[in-house]
Amino acid sequence: MNRSFKIFGYSYLLIFFAFLCSAISQNKYHSYDEMMKAINASVSSHKDIAKVESIAKTIENRDIWVVTIGGKDADNRHAMLVVGGVEAERIIGSELSLRFINFLIDNYGKVDSITQLVNSTTFYILPFVNPDARESFFKKPLYSRTFNARPTDDDKDGAIDEDGFEDLNADGVITMMRVKDNRGEWIPHPDDQRIMRKADPSKGEIGLYKLFTEGIDNDNDEQWNEDEPGGVDFNRNFPHNYQFFSKGAGPHQISEAESRAVTEFCFAHPNIAAVFTFSSNDNLMNPWKKEQRQGPPQQEQRSGRRRMMDDEESAPRLLTSVLDEDEQYFNFISKQYQEMTKFKVAPQSAKSEGAFNEWAYYHFGRWSIAANPWWIPEIEQKKDSASTDSTRIKKLDEKKNSGGEGKFDQKKVKEEKPDEYTDQIKGLKWIDANGIKNGFISWTKVKHKDFPDNDVEIGGFKPYILTNPPADSIDLIAVKENVFLTWLGAKLPRIEINNVKVESVDNKLFRLTVDIVNNGYLPTNSAMGNKARWQRNVKVTVGLSKDQKLSAGKLINVISPIKGSGGRQEMTWLIASRHGEKVTLTAESPATGTSTQIITLK
Amino acid sequence: MTGMIKNIGIILTINFGLIVLLNTISFGRADKELTKSSLKALGAPNNPKVEIIWNRYYDQKEIGEICRRIANAYPKLATFSSIGKSYEGRDIWLLTISNSEKGDPDKKPAMYIDGNIHGNEIQGGEVSLYTGWYLAEMYGHLDWITNLVDEKTFYIIPTINPDGRDHFIHDANSPNSPRSGFDPRDDDGDGLIDEDGDDDLNGDGNITQMRFKDPNGRWITDPDDPRIMIQAKPDQKGEYELIWSEGIDNDGDGQVNEDDPGSYDPNRNWYWKWAPQYVQWGADRYPGSLPETRAVVDFVSKHDNIAAFQTYHNSGGMILRGPGNKDDLQTYRWEDLQVYDFLGKLGEEILPGYKYLIVYKDLYPVYGGELDFFYGVRGGITFSNELWTSFDYFRKKQEEERSWFGGQKETYRFDKLLLFGEGVVDWKPYGHPQFGKIEIGGIKKAWTRTAPSFLLEEMCHRNMAFTLYHAYHTPQVSIDSLYTKDFPGGLTEVTAVIKNTRLIPTHTSQDIQNKITRPDYISIAGGNVLTGGILEDRFTGEMKEQKRNPKIVEVDNIPGMGAVYVRWIVEGKGPLTVTVNAAKGGTSYKTVK
């Protein structure tokens, strides 16, 4: 254990330097074409282990690319799927995916630990899954687009895409628009006047402004920019907690070329053991917690054939929180991530409705890990502010758990409690502290045809500024994520046949006993995967010759999940055979690999 | 040598030609004289343009052929097309019935009908086909039918699981297989796909049961009918052991018939309230994972004019409505339940032995079912009929009411008295490669779930009748009255009463709640429109003004058997024309001078 840690530490350093060497000219955001060039360059430098393929075309005729790193036999080894850009507004996810591709390819054959990893584990990397929306970052006017190009009647008025944004002050950026109006509900935030906050009538606050996104009411329906071009958000189109009839969700689950291609890719690759997503639906800084209240006890249906009748009361219910058996693994991975990255305080995980990473766990049944690729860093006021903050949040958590009673000064806690404006205030502080030019476009007056009698001002955060780091810091973030991804890649389940024991009962009858062992860290299946049917359990097959016969045990055995870190299942067969004859024993499942032993009966 | 090959070629061509010709003849029934009758029996036409025998079942190709013949015979009334392909590449045929000279069929209030979502539940195909055929043939002969075909559109898809249908018809099966489609799945999790299905050991085209004589078994034969296996009484000595359905352990894993083709439930693959496998068996990988589901969803999503849906299953004699599960109770609101209840009870009258039931409560919980999709996502009033009822055995209440398929005793009794044994395979010895001396016998695939010939036509007609009333009650909008009144300042006040003369509203409550269908447009032409809106109270004259584009007043809904009142203030003289245009209720206009 100790020794392996040392080796790991050593290779950590090595890959760190190897990375820095390979990364020098990358500090930028890549457009679709640039991204393709970079991927192709990388892949063609190591064609023996890497390839790139398209799995779908979007409406705007871009491809969704999957990069496979793992060589010829890639589909036959356990694999990790890495997905970037599920949230088109976080284009950083795609950049980090690209850097992970480069990292593996550049270091293969140079750094032993990476070579070994790539030789044993396949990585499928999807740098972007909503390229049409992502491309908006490279266009003018700049607006944070999350929708693909499917024409959609967002406001259900019978007209399609009829009211999008307009760059009224011609600064190349779509921001916000505030209209002075005593019927408005908004006021400047007391902590920073640039930010708009909803007035709280219970505190005697009176609204001063109406607040809209920048644009005109193209269809005269007294709504502004309510039906922008395009329509479906990739990360709201998946079946777990899908919200019908809500804006951006699409006509139904997996309705889009993008989401369908990714889903089909997943099912076509049963060797995927874990799914990693760059997404603000993060479960590394905010590990999934089991809800206290769950439905009635679950009922096993895995092997049910033509099951039609369900007992109403004992019927299984949809699961909405992580299963007990899985929770501890997610916790461990989360701890490791926090230690490796030294991240302390992070925003709460984003609300997920139809999110990809949740689908990957709840429906696809795989170990699904999501990292928020970036957030506005804390501005260090005191030397020790980060740890103070983390202590504070910890206390808040404790308080939550204790049911909100006593212990702390309630008023104080309430004031400090983060609300929907905390991120914006933080964002402004960060923009100011780092002198980021035009990070916040200050409010300036314009004339607006829809409001001839009101003061109208345009201003607000530059799109993408709160969700993506400055380009020059991407590479440093990538170092941390690459180290973690490499670590995680080495934790996949790995099946082996061990402790082979042959006992001769009477020289014609042999008792064969073996252990089927999982030498990886993760269990062969998540508990959810075991429920979800679509991940295979390990199958153990006995290969006999014509004149051998089984007296006890089965030829084909599909066995229950095996825990990691040396978890084992003992198996025994009684075989009638001539002395000295061989049997072949195979244990395999796509996500755990194959182990074969030829055993002589003597 | 070459000559010989040529000859063979010619012979083959002739042979093939003959087969095609013979097929056409058997469809066409050349001998017209036989079908003419001096007294027309009421109901179906006695001398139709398209002769179809309604006492047999048709496969996917034949269904296409029948649809094509109807469309060729009635080009004004019928069109024939395909909405997509099944997993195995069969077309999913669509027969559209509507008088195209009385308006674009895609803009009339429409009824969608399909059948056979489960591979073995085939007679929905014949009921659907019969409906299309009857409407086309009776057009011009019966006013009620003529009006219906003028006003409405029928989208008829006889089988939405053509793979399952053809395998059921052409392969050895039991009455219960295959429920699934044919996209292969690994049922037993061993990494092999569809490797151990049923096997027709005795080669009789049926998958029946296997039993063997066993003095320690717990089964005996029924003393009234020795073909029936019953359990021995607790203190009674047994004679037999039942093994499994007919088959062998093909893959040597110690299980018999555990991985048959497909094995998902096409009727659990739909988007509304879909739930994964551990909640809903057969849900498959994700909602809409099957090409057949997607073909239907794409079709109905492009047809806003469909206001009502009917799907046909078997069996049990049920008129089913949603919700499929308790979690969906709040979706079915009382306004729409009025409509459901009226039609459902009408159905009970038209279909003796059928009961109007609610899926989740009276049948079993269903997540991701087709009928819930049609109502939940498309907002249409939807019924699903379970065709064929054991009530039809002897037209009386069953002695045994153990299952929807009828009691075993009645099944065998009917077979004996009316089918003269045609429905059952008698037990016969068989040398099983794995189990040794066994016997094979039991119910044939065409018995217990599909109607026998002499009851099939009746089933078609009665179920069609129920669906025609359903279609009749899709919304039908028109302008009841239009009047003008002088308004101060030389202006004119125009009031239009827009009515829906049928039971189903232009927007069901689920539709209104979620804005599924665009609003109904009530527009005025002629004169300069100054303002307009909906008259919320026709007595006090309280109007809700529509500031934007008052020329076209948008209405959320025109209730069933009800009306909405619209008012404009218009400048100028001259004739005024008001048009109502409802996606699900049709178009109509009226002019006033």
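Line order of the protein sequences matches chains R and B. For the first sequence, this note's numbering begins at 1 and goes up steadily by one. For the second sequence, this note's numbering begins at 1001 and goes up steadily by one. The beta-carbon is built from N, C-alpha and C at its ideal position, and this holds for glycine as well. Keep in mind the model is a prediction, meaning the values are calculated, not measured.
Query raised in the report: Ends of the beta strand (DSSP E) at ALA1496 (chain B)?
Result: One-based indexing of the second sequence puts residue 1496 (chain B) at position 496. Unbroken beta strand (DSSP E) run through ALA1496 (chain B): 1491-1500.
Query raised in the report: Near LYS582 (chain R), which residues of its chain fall below 6 Å by C-beta distance, leaving aside the five closest residues on each side in sequence?
Result: Residue numbering aside, residue 582 (chain R) sits at position 582 when the first sequence is read from its first letter. Only ILE598, THR600 meet the Cβ criterion.
Requested in this report: May I have the straight-line CA-CA distance separating THR263 (chain R) from LEU81 (chain R), to the nearest angstrom?
Outcome: What you label residue 263 (chain R) is simply residue 263 of the first sequence in a count that begins at 1. What you label residue 81 (chain R) is simply residue 81 of the first sequence in a count that begins at 1. About 12 Å.
Query raised in the report: Cα separation between THR68 (chain R) and TRP1244 (chain B)?
Result: Looking up residue 68 (chain R) in the first sequence gives position 68. Looking up residue 1244 (chain B) in the second sequence gives position 244. Taking the straight line joining both Cα atoms gives about 46 Å.
Query raised in the report: Is TRP65 (chain R) helix, strand or coil by DSSP?
Result: Sequence index remark: in the first sequence, residue 65 (chain R) carries index 65 (1-based). Looking at TRP65 (chain R) - three-state DSSP - the assignment turns out to be strand.
**Report entry** Cβ-Cβ distance between PHE461 (chain R) and GLY435 (chain R) below 8 Å
**Finding:** Start at 1 with the first residue of the first sequence, and residue 461 (chain R) comes out as number 461. Start at 1 with the first residue of the first sequence, and residue 435 (chain R) comes out as number 435. No.
Query - Nonlocal neighbours in the same chain, by C-beta distance under 6 Å from TYR1057 (chain B), ignoring five residues either side - result: On the second sequence, position 57 is the one that residue 1057 (chain B) refers to. So the list reads ILE1122, once near-sequence residues are dropped.
Query - Any beta strand (DSSP E) of 3 or more consecutive residues that is wholly inside the segment 522-584 of chain R - result: 539-543, 549-552, 556-558, 567-576
Query raised in the report: By a C-beta neighbour count over all protein chains shown, 10 Å radius and 16 as the cutoff for buried, is HIS240 (chain R) buried or exposed?
Result: In the first sequence, counting from the first residue as 1, residue 240 (chain R) sits at position 240. Buried, by the Cβ-count rule.
Query raised in the report: With a Cβ-Cβ cutoff of 8 Å, do VAL118 (chain R) and GLY84 (chain R) count as a contact?
Result: Numbered from 1 along the first sequence, position 118 holds the residue referred to as residue 118 (chain R). Numbered from 1 along the first sequence, position 84 holds the residue referred to as residue 84 (chain R). No, they are not a contact pair.
Query raised in the report: Considering only C-alpha positions, which residue in the set R:ARG178, R:GLY204, R:ARG183, R:LYS203 is nearest to GLN193 (chain R)?
Result: Within the first sequence, the letter at position 193 stands for residue 193 (chain R). With distances taken between Cα atoms, GLN193 (chain R) lies closest to R:ARG178.
Query raised in the report: Which value, in whole angstroms, describes the spacing of the CA atoms of PRO347 (chain R) and ASN281 (chain R)?
Result: Sequence index remark: in the first sequence, residue 347 (chain R) carries index 347 (1-based). Sequence index remark: in the first sequence, residue 281 (chain R) carries index 281 (1-based). PRO347 (chain R) and ASN281 (chain R): Cα-Cα distance of roughly 10 Å.
Report task. From the DSSP output, read off the bridge partner residues of THR1484 (chain B). Result -> As a working mapping, residue 1484 (chain B) is identified with position 484 in the second sequence. According to DSSP, THR1484 (chain B) bridges with B:VAL1494.
**Report entry** CA-to-CA distance, PHE267 (chain R) to TYR32 (chain R), given in whole angstroms
**Finding:** On the first sequence, residue 32 (chain R) is found 32 positions in, with the first residue counted as 1. On the first sequence, residue 267 (chain R) is found 267 positions in, with the first residue counted as 1. Whole-angstrom Cα-Cα distance: 26 Å.
Requested in this report: Classify TRP1616 (chain B) as helix, strand or coil using the three-state DSSP reduction.
Outcome: Residue coverage of chain B in this structure runs from 1001 to 1593, which leaves residue 1616 (chain B) outside it and unanswerable.
Requested in this report: Please list the segments of the beta strand (DSSP E) lying wholly inside the segment 1379-1449 of chain B, counting only runs of 3 or more residues, in order along the chain.
Outcome: For the beta strand (DSSP E) assignment, the uninterrupted runs of no fewer than 3 residues enclosed by the segment 1379-1449 of chain B are, from N- to C-terminal side, 1381-1387, 1424-1432, 1436-1443.
Report task. Return the first residue and the last residue of the alpha helix (DSSP H) that SER113 (chain R) is part of. Result -> Position 113 of the first sequence holds residue 113 (chain R). Run containing SER113 (chain R): 112-120, per the alpha helix (DSSP H) assignment.
Requested in this report: Measure the C-alpha to C-alpha separation of ARG1227 (chain B) and GLY1442 (chain B) and round it to an integer number of angstroms.
Outcome: Your numbering for residue 1227 (chain B) matches position 227 in the second sequence. Your numbering for residue 1442 (chain B) matches position 442 in the second sequence. Computed Cα separation, rounded: 7 Å.
Query - Within the segment 1265-1305 of chain B, ranges of the alpha helix (DSSP H) (whole runs, at least 4 residues) - result: 1291-1301
Query raised in the report: Using a C-beta to C-beta distance shorter than 7 Å, which residues of chain B count as neighbours of LEU555 (chain R)?
Result: For this step, residue 555 (chain R) is matched to residue 555 along the first sequence. The answer, in chain order, is GLY1252, ASP1253.
Requested in this report: Answer yes or no: does any C-beta atom of chain R fall closer than 8 Å to that of ALA1232 (chain B)?
Outcome: For the purposes of this step, residue 1232 (chain B) is taken as residue 232 along the second sequence, with counting starting at 1. No, no contact with chain R.
Query raised in the report: Thinking C-beta only, is LEU1129 (chain B) closer than 8 Å to ASN1099 (chain B)?
Result: Position 99 of the second sequence, counted from the start, is the residue given in the question as residue 1099 (chain B). Position 129 of the second sequence, counted from the start, is the residue given in the question as residue 1129 (chain B). No, Cβ-Cβ distance for ASN1099 (chain B) and LEU1129 (chain B) is not below 8 Å.
Report task. Give the residues from the segment 1562-1573 of chain B that approach chain R closer than 7 Å (Cβ to any Cβ), ordered along the chain. Result -> none
Requested in this report: Give a yes or no on whether the C-beta atoms belonging to PRO493 (chain R) and THR592 (chain R) are separated by under 8 Å.
Outcome: The count along the first sequence starts at 1 and reaches residue 493 (chain R) at position 493. The count along the first sequence starts at 1 and reaches residue 592 (chain R) at position 592. Taking 8 Å as the Cβ cut-off, PRO493 (chain R) and THR592 (chain R) qualify as a contacting pair.
Query raised in the report: To which residues of the same chain is ARG77 (chain R) closer than 8 Å at the C-beta, ignoring the five residues directly before and after it?
Result: Reading the first sequence from its first residue, position 77 is the one you call residue 77 (chain R). GLY70, SER120, THR121, THR122, ASN271, GLY593, listed in sequence order.
Query raised in the report: What number of angstroms, rounded off, separates the C-alpha of ILE495 (chain R) from the C-alpha of ARG511 (chain R)?
Result: What you label residue 495 (chain R) is simply residue 495 of the first sequence in a count that begins at 1. What you label residue 511 (chain R) is simply residue 511 of the first sequence in a count that begins at 1. Each residue's alpha carbon lies about 22 Å from the other.
Query raised in the report: What residues from chain B crowd round TRP534 (chain R), counting only those whose CB sits closer than 8 Å?
Result: Taking the first sequence and counting its residues from 1, the one referred to as residue 534 (chain R) is at position 534. The answer, in chain order, is GLN1277, ARG1285.
Requested in this report: Using a threshold of 8 Å, state whether the C-beta atoms of ASP1520 (chain B) and ILE1558 (chain B) are closer than that.
Outcome: One-based indexing of the second sequence puts residue 1520 (chain B) at position 520. One-based indexing of the second sequence puts residue 1558 (chain B) at position 558. Remark: C-beta atoms of ASP1520 (chain B) and ILE1558 (chain B) approach each other more closely than 8 Å.
Query raised in the report: Taking C-alpha atoms, which residue in R:MET340, R:SER113, R:LEU208 lies nearest to VAL456 (chain R)?
Result: Taking the first residue of the first sequence as 1, we reach residue 456 (chain R) at position 456. Taking VAL456 (chain R) as reference, the option from R:MET340, R:SER113, R:LEU208 with the minimal CA-CA separation is R:LEU208.
Query raised in the report: Does the Cβ of GLU1594 (chain B) have 16 or more other Cβ atoms within 10 Å, making it buried, or fewer, making it exposed?
Result: Not covered by the structure: residue 1594 (chain B). The range shown for chain B is 1001 to 1593.
Report task. Within 10 angstroms of the Cβ of TRP1334 (chain B), are there 16 or more other Cβ atoms? Answer buried if so, exposed if not. Result -> In the second sequence, the residue the question calls residue 1334 (chain B) occupies position 334. The residue is exposed, with fewer than 16 neighbouring Cβ atoms inside 10 Å.
Report task. Classify PRO373 (chain R) as buried or exposed, calling it buried when 16 or more other Cβ atoms lie within 10 Å of its own Cβ. Result -> Translated into positions along the first sequence, residue 373 (chain R) becomes position 373. Buried is the call here.
Query raised in the report: Is the shortest distance between the beta-carbon of THR1096 (chain B) and the beta-carbons of chain R less than 8 Å?
Result: Looking up residue 1096 (chain B) in the second sequence gives position 96. False, the Cβ-Cβ gap to chain R never drops below 8 Å.
Query - Assigned exposure category for MET196 (chain R) - 16 Cβ within 10 Å defines buried - result: In the first sequence, counting from the first residue as 1, residue 196 (chain R) sits at position 196. Its Cβ being crowded by 16 or more others within 10 Å, MET196 (chain R) is buried.
Query - Proximal residues to GLN424 (chain R) (C-beta, below 6 Å), its chain only, five neighbours per side dropped - result: As a first step, residue 424 (chain R) must be located in the first sequence, where it is residue number 424. ILE195.
**Report entry** Contacts that PRO1519 (chain B) makes with chain R (C-beta to C-beta distance below 7 Å)
**Finding:** As a position in the second sequence, residue 1519 (chain B) is number 519, starting the count at 1. Per Cβ cutoff of 7 Å: GLY158.
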